[in-house]
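Colleague:
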Amino acid sequence: MPELSPSDTAKDAAARAAVALVQDGMRLGLGTGSTAVFMVHRLAERVRAEGLRLRCAATSRATCDLAGQLGLRIEELDEIGWLDLTIDGADEIDPDLNLIKGGGGAHLREKITAAASDRMVVIADPGKVVETLGAFHLPVEVIPFGLEVTRVHIQRLLDSAGLSQRPMLLRQRDGVVFRTDEDNVILDLSLDCIGDPAQLARGLSAIPGVVEHGLFLNMCQLALIGSPDGSVIELTRIEGVA
Ligand SMILES: O=C(CO)[C@H](O)[C@H](O)COP(=O)(O)O
1 MPELSPSDTA
11 KDAAARAAVA
21 LVQDGMRLGL
31 GTGSTAVFMV
41 HRLAERVRAE
51 GLRLRCAATS
61 RATCDLAGQL
71 GLRIEELDEI
81 GWLDLTIDGA
91 DEIDPDLNLI
101 KGGGGAHLRE
111 KITAAASDRM
121 VVIADPGKVV
131 ETLGAFHLPV
141 EVIPFGLEVT
151 RVHIQRLLDS
161 AGLSQRPMLL
171 RQRDGVVFRT
181 DEDNVILDLS
191 LDCIGDPAQL
201 ARGLSAIPGV
211 VEHGLFLNMC
221 QLALIGSPDG
231 SVIELTRIEG
241 VA
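Spelled out as structure tokens, the structure:
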């Protein structure tokens, strides 16, 4: 394997630590993003080496394709029904293990998958750990029909919550509007600092046209933060803390 950058070494360390939690017979959710890519590789290595029998659901087409190439059999989430563990990346992680996700545009399937899991473990490099959520843009998946009207509703919500907001960007990739696996679009909100994530999450969920936002509150029980030296720090959440 080519030498990894410090950031990739950190991601790989977190991924290895998460894959070490996997036991024979488990039903797993596989996350999306560059850190999750390391996890899928390490998981495939363990399956090959130890003959682990796993049932896996993927949170995106990209992860499904990668897992298939590495010899992991992917099933539909509904075929498996419920998962023991989902391992996924994150864009921001606060001290209560609340998250911003969706940098890769997969947060809808990621949230459905994590919500169908006994346990969600997040893997990340140290740059993802923050005191307060919001420096990373907040992705909001929106149905294309009535997009501009939905945008007005979101703006009104942000105004009423006193959240300063730079232009709400319609996500593009390679010069064209980005479409999610569900064929929706994403509005990226630049909020700087989200003082009350629960209130914002409730408000966004109540807007017709919003399919899902990237706030993952009270969903993650453990974050494994890799370091460029290969060590891993465990962050845990005290149950019941919002
Ligand atoms: O939420 C996600 C995709 O929707 C990713 O998990 C998140 O963007 C982190 O990605 P990366 O590991 O590449 O930093």
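Reminder that position 24 of the sequence shown reads as 24 in the UniProt record's numbering, one-by-one numbering, no gaps.
Glycine included, each C-beta is placed from N, C-alpha and C at the ideal position.
Keep in mind it's a predicted model, so treat the numbers as computed, not measured.
1) Whose C-beta lies closer than 6 Å to the C-beta of T236 among residues of the same chain, with five residues either side of it excluded?
2) Measure from the alpha carbon of residue 308 to the alpha carbon of each residue in G104, L204 and P126, then state which is nearest.
3) Which whole-angstrom value describes the C-beta separation of L28 and L83, a residue pair presumed to lie in contact below a C-beta threshold of 8 Å?
4) Within the continuous alpha helix (DSSP H) that includes G226, where are the two ends?
5) Please classify F145 as buried or exposed, where buried requires at least 16 neighbouring CB atoms within 10 angstroms.
6) Would you report the Cα separation of G214 and D192, rounded to the nearest angstrom?
7) Quick one: residues in its chain with C-beta nearer than 7 Å to the C-beta of I143, no 5 flanking neighbours on either side, listed in chain order?
8) Please classify L235: does DSSP put it in a helix, a strand, or coil?
9) Runs of 4 residues minimum, wholly inside the region 53-109: which ones carry the alpha helix (DSSP H) assignment?
10) Using DSSP's beta-bridge definition, name the partner residues of Q172.
11) Cutting at 8 Å between CB atoms, please list the residues of its own chain near G33, excluding the five before and the five after it.
12) Per DSSP, what kind of secondary structure is A135 in: helix, strand or coil?
13) By alpha-carbon positions, which one of P95, G134, F38 and I93 ends up nearest to K11?
Modeller: Working from what's here:
1) Here residue 236 is taken as the residue at index 236 of the sequence shown, counted from 1. Cβ neighbours of T236 beyond the five flanking positions: L222.
2) Nothing can be reported for residue 308, as the shown portion of the chain is limited to 1 through 242.
3) Translated into positions along the sequence shown, residue 28 becomes position 28. Translated into positions along the sequence shown, residue 83 becomes position 83. Indeed they touch by this definition, with Cβ atoms about 6 Å apart.
4) Position 226 of the sequence shown, counted from the start, is the residue given in the question as residue 226. For G226, there is no enclosing alpha helix (DSSP H); the enclosing beta strand (DSSP E) has its first and last residue at L222 to G226.
5) Here residue 145 is taken as the residue at index 145 of the sequence shown, counted from 1. F145 should be labelled exposed.
6) On the sequence shown, position 214 is the one that residue 214 refers to. On the sequence shown, position 192 is the one that residue 192 refers to. Those two C-alpha atoms are separated by around 15 Å.
7) Within the sequence shown, the letter at position 143 stands for residue 143. Taken in chain order, the residues that qualify are N184, G209 and V211.
8) As a first step, residue 235 is located in the sequence shown; it is residue number 235 there, counting from the start. Strand at L235.
9) 61-69 and 77-80
10) Start at 1 with the first residue of the sequence shown, and residue 172 comes out as number 172. V177, per the DSSP bridge assignment.
11) Your numbering for residue 33 matches position 33 in the sequence shown. Within the same chain, G33 has close Cβ partners D88, G89, G103, G104 and A106.
12) On the sequence shown, residue 135 is found 135 positions in, with the first residue counted as 1. A135: coil per DSSP, three-state reduction.
13) As a first step, residue 11 must be located in the sequence shown, where it is residue number 11. Comparing Cα positions, the closest option is F38.
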